[in-house]
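Reviewing the structure listed below.
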Amino acid sequence: MYNNFILYLIVINLVGFFIMLVDKRKAIKKQWRISEKALICISIIGGSIGMLAGMSTFRHKTKHKKFTIGIPFILVIQIAILAYFASLQF
């Protein structure tokens with residue numbers, strides 16, 4: 067089960083990273099964009115690190131407080147939850 071969880075986190079963070087690339091490219095081409103709600107949802111379901119890496123790498127959504135404050139906040143909450151559950155194991 068632990069291996070499945072790690073695999074899930076790797077996959078969802080890769081999705082988060084590449085979805086920032088896709089949205090940035092669409093923004094440059096003035097095409098239909100991925101909704102901010104969808105981007106935040108990816109972060110909430112575990113893709114925070116990938117989203118942050120994508121924001122930094124592609125310089126995308128870096129002027130939006132919803133992302134510059136919200137995504138790191140979500141990550142902190144996720145780390146706290148993981149730490150709590152990890153402490154229950156010992």
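To convert, take the position in the sequence shown, counting from 1, and add 66; that gives my numbering. Quick reminder that beta carbons are idealized off the backbone N, C-alpha and C, glycines included.
**OP:** Determine the extent of the alpha helix (DSSP H) in which SER114 is found, giving its start and end residues.
**Re:** Walking along the sequence shown from the start, residue 114 turns up at place 48. Where SER114 is concerned, the enclosing alpha helix (DSSP H) stretches over 114-124.
Subject >> Reduced DSSP category for LYS95 - H, G, I as helix; E, B as strand; rest coil >> reply: Against the sequence shown, residue 95 aligns to sequence position 29. Reduced to three states, the DSSP call for LYS95 is coil.
Subject >> THR134 - containing alpha helix (DSSP H), residue span >> reply: Indexing the sequence shown from 1 puts residue 134 at position 68. Note, THR134: alpha helix (DSSP H), 131-134.
Original post:
Three or more beta-carbon pairs under 8 Å between the segment 93-110 and the segment 69-76, yes or no?
Top reply: no
Original post:
Nearest to ILE111 by alpha carbon, out of GLY82, LYS96, ALA146?
Top reply: Start at 1 with the first residue of the sequence shown, and residue 111 comes out as number 45. Checked all of GLY82, LYS96, ALA146; the closest Cα to ILE111 is GLY82.
Subject >> Segment limits, alpha helix (DSSP H) that includes LYS103 >> reply: Translated into the one-based positions of the sequence shown, residue 103 becomes position 37. From DSSP, the alpha helix (DSSP H) with LYS103 extends over 102-108.
Subject >> Supposed close pair GLY120, MET86 - CB separation, criterion 8 Å >> reply: Here residue 120 refers to the residue found at position 54 when the sequence shown is read from its first residue. Here residue 86 refers to the residue found at position 20 when the sequence shown is read from its first residue. Going by Cβ atoms, the distance from GLY120 to MET86 rounds to 3 Å, so yes, they are a contact pair.
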